[in-house]
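A quick write-up on the structure given underneath.
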């Protein structure tokens, strides 16, 4: 009989099969996955073997499926990112190169098609720990209801709904009984429906462990709370200290009898938090053979490497307000142990490159295995005129346990190699307090983000913000005169005080009119020691004369403009010409040296 079809007579037997099918490294990078399964099966178990001994095969299968949820959402996010990129580039297919292999988008689609086809008794929003506060926020939208719901969960307070009042009496006495089904069945409106699903899931998760609230609260562990699943007994025990379930049940019961406008106010709060979230399946109808098929798919076998691909997609999404160019070779994007330029943020100033596996020298590295270089997973490099400068390093770990010494050594060496860069260490699992192991001179540039998963929206936003900070706001070239594409060449006019006679000279007006034509930018850029607000080509001369100019120090402003345009044509006087002498330029003299037209080109990055 084949491995995938043989009968497993115990949960331990089934677990062994799953470990082999999924190539689980339960003593290494998959250690916390095994611990998650253990906690879901029995939070009081001494270890996984103890939990498996007490569990049925069916319980293990359902728990294992739940533990796969973060991976399924990671695959979904990657697929969504590349589908969006495909729409931009007119490309239906991408290939993701990983360690001399490649994955097609269809590989992700196969996993998700199987996942979405698994029926569950209830689909609950994939909320994070922070989302459970929506109950109190929603009830505050109608304070009269909120006050009564909060009070009824803590002390005797009749709602006038017999089955709910009896349930609350038992709840306040420390017992969690079956939910009043009438409360949940009436919640069909958007927002209320999702909250009812959360209530049902919390209730089932709690009573599966114990109906005694005191026993539940004994499981609360503050030290491990941050990394706990939102529906773990640990987190739900924490919520129970604030009577979450009782408050939610009482509030839902009360919403059925309030005026429509008040119910709508509450509904808006619920929808603002719960709309658009992915869903988790509760009590999925899945078999051991189903799990075997999931674990045999390429995207599972390469899950650790794919995690880095997902982190890159998060970096790219952080730049979603920008113009992002993805670099590929006929649809193939390389995530391999060699340098590759993955994307360029062309609307950043200066332009920004996202580069993987770029090697940089470092003196006296402290990390084991490093001798003279560092090679971070990702770097964000600014294209300064004539050079490149690393402004952000992202190192990706897929450890389920913290490795404080190696983590701190990585950050120390990267900070030394890239003195102008922020260093961000992200991990699928915990990191812990490691910054105190790093020198004070570097600590201020170092950030750690632990539990960075597709379901952890708080960590995802923290990571995206770290990327946005170094990329900055988008700066885009003006459109070409009379066109719809971005210009590569712009005209700048020196408006410093010494230029006042030139701005009234008919020869300048003629020269400006001759040069400010297609394909140059449709805006004129006034400059002195800074770049002033751009003005339209039409009527530019009159508006240039109205600007109260300062001294001319043109090198800085022109260098800034070269971040946006490949070429800047500057009208200036002899003082300005001298200011631009350090830049690669060519000049043309007008009016016997009265003013000059200086063409400055962007230097090539090295």
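Numbering (our numbering), first residue to last: 177 to 782.
Glycine included, every Cβ here is placed at the ideal spot set by N, Cα and C.
Closer than 6 angstroms by C-beta to residue i: which residues in its own chain qualify, once you throw out the five before and the five after it? Chain order, please.
i, result
"residue 679", "720, 721"
"residue 347", "422"
"residue 677", "none"
"residue 711", "700, 719"
"residue 257", "489"
"residue 499", "522, 523"
"residue 633", "304"
Would residue i pass as a contact of residue j if the rule is Cβ separation under 9 angstroms?
i, j, result
"residue 246", "residue 601", "no"
"residue 519", "residue 501", "yes"
"residue 328", "residue 442", "no"
"residue 244", "residue 236", "no"
"residue 451", "residue 366", "yes"
"residue 728", "residue 768", "no"
"residue 205", "residue 480", "yes"
"residue 186", "residue 233", "yes"
"residue 416", "residue 392", "yes"
"residue 462", "residue 568", "no"
"residue 248", "residue 209", "no"
"residue 731", "residue 758", "yes"
"residue 494", "residue 641", "yes"
"residue 198", "residue 460", "no"
"residue 741", "residue 618", "no"
"residue 378", "residue 420", "yes"
"residue 783", "residue 281", "Here the chain comprises residues numbered 177 to 782, so residue 783 is not present and cannot be evaluated."
"residue 717", "residue 691", "no"
"residue 312", "residue 323", "no"
Determine the closest residue to residue i out of the options, with distance taken between C-alpha atoms.
i, options, result
"residue 702", "670, 648, 216, 625", "670"
"residue 262", "665, 705, 238, 507", "507"
"residue 252", "536, 489, 589", "489"
"residue 214", "418, 191, 198", "191"
"residue 774", "634, 743, 279", "743"
"residue 399", "606, 759, 309", "606"
"residue 404", "212, 363, 547, 339", "212"
"residue 709", "311, 668, 318, 368", "668"
"residue 433", "388, 394, 480, 362", "362"
"residue 714", "207, 658, 733", "658"
"residue 697", "704, 397, 688", "688"
"residue 541", "582, 340, 555, 723", "582"
"residue 724", "672, 287, 470", "672"
"residue 681", "495, 772, 281", "772"
"residue 674", "493, 704, 717, 378", "704"
"residue 467", "290, 749, 564, 269", "290"
"residue 551", "565, 513, 189", "513"
"residue 555", "487, 546, 505", "487"
"residue 735", "196, 364, 563", "563"
"residue 469", "364, 241, 618", "241"
"residue 636", "189, 223, 250, 239", "250"
Cutting at 8 angstroms between CB atoms, please list the residues of its own chain near residue i, excluding the five before and the five after it.
i, result
"residue 503", "509, 516, 517, 518, 519, 520"
"residue 527", "520, 521, 558, 559, 739"
"residue 283", "473, 474, 475"
"residue 321", "315, 427, 430, 431, 434, 438, 442"
"residue 181", "Caution applies to residue 181, whose pLDDT of 42 falls short of 50 and renders its modelled position unreliable; the value that the coordinates give is listed next. Once the five neighbours on either side are set aside, the close Cβ partners of residue 181 are 465."
"residue 546", "538, 589"
Considering only residues of the same chain and omitting the five flanking positions on each side of residue i, which have a CB-CB separation below 7 angstroms?
i, result
"residue 737", "666, 668, 701, 707, 744"
"residue 272", "278, 279, 485, 509, 511"
"residue 317", "441, 442, 445"
"residue 683", "766, 767"
"residue 646", "556, 567, 568, 598"
"residue 285", "255"
"residue 694", "656, 657, 658, 659"
"residue 414", "396, 401"
"residue 549", "535, 536, 537, 538"
Since residue i and residue j are thought to touch, with beta carbons under 8 angstroms apart, how far apart are those beta carbons, to the nearest angstrom?
i, j, result
"residue 760", "residue 776", "7 angstroms"
"residue 344", "residue 426", "6 angstroms"
"residue 532", "residue 307", "33 angstroms between Cβ atoms; not a contact."
"residue 436", "residue 523", "No, residue 436 and residue 523 are not in contact; Cβ-Cβ is about 46 angstroms, not under 8 angstroms."
"residue 831", "residue 491", "Lying outside 177 to 782, the shown extent of the chain, residue 831 is not represented and no answer is given."
"residue 648", "residue 525", "7 angstroms"
Check: Given 8 angstroms as the limit, is there contact between the region 289-304 and the region 454-469, that is, 3 or more CB pairs closer than that?
Finding: yes
Check: Is there contact here, the region 377-390 with the region 347-363, by at least three beta-carbon pairs under 8 angstroms?
Finding: By the Cβ criterion, the region 377-390 is in contact with the region 347-363, since at least three pairs of Cβ atoms, one from each stretch, lie closer than 8 angstroms.
Next item on the list: Report yes or no: do three or more beta-carbon pairs, one from the region 586-603 and one from the region 615-624, lie closer than 8 angstroms?
Entry: yes
Next item on the list: Evaluate contact between the region 206-224 and the region 398-411, counting only Cβ atoms and requiring at least three cross-stretch pairs below 8 angstroms.
Entry: yes
Check: Is the region 331-343 close to the region 438-452, with three or more CB pairs under 8 angstroms?
Finding: no
Check: Do the region 530-541 and the region 582-594 make contact, defined as three or more Cβ pairs closer than 8 angstroms?
Finding: yes
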